[in-house]
Each structure stands twice: as structure tokens, then as C-alpha cells.
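Take a look at the structure below.
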Amino acid sequence: SAVISQKPSRDICQRGTSLTIQCQVDSQVTMMFWYRQQPGQSLTLIATANQGSEATYESGFVIDKFPISRPNLTFSTLTVSNMSPEDSSIYLCSVVSGHGVNEQFFGPGTRLTVL
Amino acid sequence: QKEVEQDPGPLSVPEGAIVSLNCTYSNSAFQYFMWYRQYSRKGPELLMYTYSSGNKEDGRFTAQVDKSSKYISLFIRDSQPSDSATYLCGMGSNFGNEKLTFGTGTRLTIIP
Numbered sequence: 007s008a009v010i011s012q013k014p015s016r017d018i019c020q021r022g023t024s025l026t027i028q029c030q031v032d033s034q035v036t037m038m039f040w041y042r043q044q045p046g047q048s049l050t051l052i053a054t055a056n057q058g059s060e061a062t063y064e065s066g067f068v069i070d071k072f073p074i075s076r077p078n079l080t081f082s083t084l085t086v087s088n089m090s091p092e093d094s095s096i097y098l099c100s101v102v103s104g105h106g107v108n109e110q111f112f113g114p115g116t117r118l119t120v121l
Numbered sequence: 007q008k009e010v011e012q013d014p015g016p017l018s019v020p021e022g023a024i025v026s027l028n029c030t031y032s033n034s035a036f037q038y039f040m041w042y043r044q045y046s047r048k049g050p051e052l053l054m055y056t057y058s059s060g061n062k063e064d065g066r067f068t069a070q071v072d073k074s075s076k077y078i079s080l081f082i083r084d085s086q087p088s089d090s091a092t093y094l095c096g097m098g099s100n101f102g103n104e105k106l107t108f109g110t111g112t113r114l115t116i117i118p
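Chains A and B are the protein sequences, given in the same order. Taking the working numbering, I'd label the letters of the first sequence as residues 7 to 121. Taking the working numbering, I'd label the letters of the second sequence as residues 7 to 118.
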């Protein structure tokens with residue numbers, strides 16, 4: 007399985023500011039995803055991070071609010087822009103390992119609190 | 007109606023008991039199914055992956071899929087306190103597009 011790291015592991019931010027979360031994988035992967043996990047709710051897919059092109063966003067999520075970069079096959083960033091307390095959540099990146107099996111592995115998550 | 011329903015618990019069982027965790031789904035397009043374990047303040051850890059109806063066993067864990075009933079289960083035998091965690095089911099419909107839909111997770115506590 008891929009080893010995934012995220013930075014920062016947690017942060018407390020002020021309303022109206024932005025935070026960029028980094029996701030680093032120890033091997034090249036084709037597919038990377040960004041999820042949000044709010045208390046008592048299921049994991050919700052924000053977008054698919056596409057290498058060399060714009061991310062593909064799910065319904066309810068827009069690029070202006072959650073810009074994503076994917077400069078290569080091992081790295082991606084998610085920015086949470088103009089934050090409000092409703093953005094307080096755990097943000098997780100995940101990857102599909104490939105090799106003909108679409109098992110999906112998750113990073114440790116970034117715990118964000120917006121005051 | 008949610009695409010995936012999972013009882014959030016909490017579920018508490020004594021050490022050594024057999025645990026049964028379940029999810030139902032409404033989308034008949036789902037083809038593959040995963041179970042994740044998530045400890046507090048950690049990311050989800052993949053436990054089991056299966057894409058066919060029937061049982062798949064890995065150590066103390068057995069994943070069961072019944073596509074005709076749209077019902078999946080995870081059984082944990084000889085449960086240990088270290089199994090205390092939240093268990094999430096996830097499922098996908100298209101092998102070329104690995105978007106997963108998750109249940110809300112079941113919080114499990116194994117009582118020593």
C-alpha cells in the first residue's frame with residue numbers, strides 16, 4: 007500500500023483566511039482524491055485531483071472555494087479559501103494504488119478548526 | 007434516501023465476542039465494496055476489499071456481500087480491545103472511476 011503524509015496535521019484558523027493542505031505520496035499514483043469528514047457524517051468527496059489538468063469537483067463544491075493543484079504524480083494540495091466556521095472538518099487525501107486493483111488508501115487527515 | 011445506510015452505533019460488546027457490522031445500499035450499480043477501520047484522530051485504514059457476492063476471510067475478519075439484497079457485512083471474530091474504532095463501509099460502481107460512497111461509520115467499543 008502507498009504511504010501518504012499530510013501537512014499540517016491540524017490547524018486553527020480565523021474566519022476569512024485561507025489554508026493550504028499538502029498531500030505527499032511515496033510512490034507515483036494515477037488517482038488522488040480529496041475528502042471532507044465532518045462529525046457524525048460520512049466521508050464526502052470534494053474533488054478528484056487530476057495531474058496536468060483541472061480538478062474534477064463533486065456537486066456542491068467549487069474551484070473558487072477549494073482550489074486544488076496536482077503538479078506531479080506524488081503530490082497535491084487543497085486550499086480551503088475564505089474560511090467560515092462551517093469549514094471546520096477533517097480533510098483527507100486518498101490515492102488508488104493501481105496495479106489493476108482499485109483499493110483506495112487514505113492519508114492521516116488534517117483537522118481544521120475555524121474560529 | 008441515502009445511497010448507503012450504516013447504523014452509527016455506538017456498539018459495545020465484551021472482549022472475545024463476534025461482532026457484526028452492516029451496511030445497506032440502494033444503488034445496484036455498486037460493484038466493489040470496502041471496509042475501513044478508523045481510530046480516533048487517524049485516517050481510515052483499509053481492512054477488506056471485495057467485488058463479488060459471497061464471503062472473503064482475512065484472519066479474524068470476514069467480509070460478506072449479498073448483491074441481491076444490497077447488503078454487506080463485516081464480521082470480527084474473537085474481538086479484542088484494539089478493535090475499538092469506527093468502521094466505515096465504502097462502495098464504488100465503476101472500475102475506471104474510483105469514486106467511493108461511504109456510510110456514516112459505526113463506532114465500536116470492545117469491553118475488556
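C-beta atoms are modelled at their ideal positions from N, C-alpha and C, and glycine is treated no differently.
For the stretch 84-93 of chain A against the stretch 20-28 of chain A, do three or more pairs of beta-carbon atoms, one drawn from each stretch, fall closer than 8 Å, so that the two count as touching?
Verdict: yes, contact present.
Starting from P14/B, trace the beta strand (DSSP E) in both directions and tell me its first and last residue.
That residue, P14/B, is in no beta strand (DSSP E); it is neither H nor E in DSSP.
With respect to the beta strand (DSSP E) encompassing Y57/B, which residues constitute its N-terminal and C-terminal limits?
Where Y57/B is concerned, there is no enclosing beta strand (DSSP E), given that its DSSP letter is neither H nor E.
Counting Cβ pairs closer than 8 Å, one from the stretch 33-49 of chain B and one from the stretch 84-97 of chain B, do we hit at least three?
Cβ pair count under 8 Å is three or more, so yes.
Closer than 8 Å, Cβ to any Cβ of chain A: which residues of the stretch 35-63 of chain B, in chain order?
Taking 8 Å as the Cβ-Cβ cut-off against chain A, the residues of the stretch 35-63 of chain B that qualify are Y38, M40, Y42, R47, K48, G49, P50, E51, L52 and Y55.
Would Y97/A be called buried (16 or more neighbouring beta carbons within 10 Å of its own) or exposed?
Burial call: buried.
State yes or no: is the beta carbon of T54/A nearer than 9 Å to at least one beta carbon in chain B?
Closer than 9 Å: yes.
Which residues bound the beta strand (DSSP E) around V9/A?
Where V9/A is concerned, there is no enclosing beta strand (DSSP E), given that its DSSP letter is neither H nor E.
Since E104/B meets chain A, which of its residues come closer than 7 Å, beta carbon to beta carbon?
M37, V102, N108 and Q110, listed in chain order.
Quick one: what's P20/B bridged to in DSSP?
Its beta-bridge partners are I117/B.
From which residue to which residue does the beta strand (DSSP E) around L106/B run?
No beta strand (DSSP E) holds L106/B; DSSP gives it neither H nor E.
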